[in-house]
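Chemist: Quick note on the numbering used here: the sequence shown kicks off at 570 and runs consecutively.
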Amino acid sequence: RDWHNLFAWAKETIKDKKLKVLIDKAYFDLVAIEKEIASRHYHHAFEGGYILHVSEMLEVAFGLYKTCFYKHLDWDVIIATILLHDIGKIGAYKKTNEGYEYSYEAKNLDHLNMSFARFSVLAEEVKFSGKLATHIGHGILSHHGRKEWGSPVEPKTPEAWFVHLTDMISSRCTNFRSNEEQPKERK
């Protein structure tokens with residue numbers, strides 16, 4: 570499945586109309602977003618890495634959504650949080666001759682805070698508020714899972730845990746794949 574099909578599935582899955590508008594505003598420039606990296610060194614650190622990371626998370630969510638085990642979760646929260654959890658990374662890296670550098674904002678604010686701030690601005694623009702907005706904001710701020718890993722809060726809802734774990738699956742499995750692709754030194 571390609572990114573555009575996943576994005577269409579994600580938007581179809583979301584029931585809240587204002588939330589769909591918010592997602593459209595966040596992803597208005599797909600051509601530019603498709604070129605973004607997800608990090609400088611850690612995971613998906615290549616052009617197109619941002620979209621691949623979000624796509625992997627959506628694929629995991631889609632696979633689990635089809636089972637009967639997780640139908641009780643709030644899928645508006647899960648899908649929207651997956652789409653928005655790293656939205657602060659868009660524009661946070663500047664390409665140089667040596668690779669990528671953090672923007673001034675990214676150096677000083679970190680992507681979790683930037684993602685939450687971007688979500689808050691978009692929510693205000695479309696008049697999206699209430700418990701659903703709070704749950705998505707919580708999912709964005711807690712997606713690293715632990716304070717020592719950079720989250721200002723730890724997951725407190727099953728949906729926040731779900732997003733954190735899909736983020737871990739995508740980032741960790743990509744790290745292993747990247748490491749395995751490196752030539753191994755033989756003794």
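Heads up, the beta-carbon is just placed ideally off N, CA and C, and yes, glycines get one too. Predicted, not measured: the structure shown is a model, and the values here were computed from it.
What three-state label does DSSP hand TYR639 in the structure shown?
Modeler: In the structure shown, TYR639 sits in coil (DSSP, three-state: anything other than H, G, I, E or B).
Chemist: Quick check on PHE731: buried or exposed, where buried means 16 or more other Cβ atoms within 10 Å of its Cβ?
Modeler: Label assigned to PHE731: buried.
Chemist: Buried or exposed: ASP655, going by 16 or more other Cβ atoms within 10 Å of its Cβ?
Modeler: So ASP655 ends up on the buried side.
Chemist: By how many angstroms is the C-alpha of CYS637 removed from the C-alpha of TYR669?
Modeler: Cα to Cα, TYR669 sits roughly 42 Å from CYS637.
Chemist: Please confirm whether LYS594 and LEU691 have their CB atoms less than 7 Å apart.
Modeler: Yes, the pair counts as a contact, with Cβ atoms nearer than the cut-off.
Chemist: Alpha carbon to alpha carbon, what distance is there between GLU667 and HIS613?
Modeler: Whole-angstrom Cα-Cα distance: 17 Å.
Chemist: Would you kindly work out how many angstroms separate the C-alpha atoms of SER739 and HIS622, rounded to a whole number?
Modeler: Distance between the alpha carbons of SER739 and HIS622 is about 6 Å.
Chemist: For HIS712 versus ASP679, is the C-beta spacing smaller than 7 Å?
Modeler: Cβ distance not < 7 Å, so HIS712 and ASP679 don't count as in contact.
Chemist: Ordered along the chain, which non-local residues of its own chain (more than five positions away) have a Cβ less than 6 Å from that of VAL695?
Modeler: These residues qualify, in order along the chain: LYS587, VAL590, LEU591.
Chemist: Assess contact between the segment 617–636 and the segment 705–721, defined as three or more Cβ pairs (one per stretch) separated by less than 8 Å. Is contact present?
Modeler: The answer is no - the segment 705–721 does not touch the segment 617–636, with fewer than three Cβ pairs under 8 Å.
Chemist: Ordered along the chain, which non-local residues of its own chain (more than five positions away) have a Cβ less than 7 Å from that of ALA579?
Modeler: The residues are LEU627, ILE648, LEU652.
Chemist: Can you check whether the CB of THR703 is closer than 7 Å to the CB of TRP644?
Modeler: Contact: no.
Chemist: For GLY632, report the span of its alpha helix (DSSP H) as first-last.
Modeler: From DSSP, the alpha helix (DSSP H) with GLY632 extends over 618–634.
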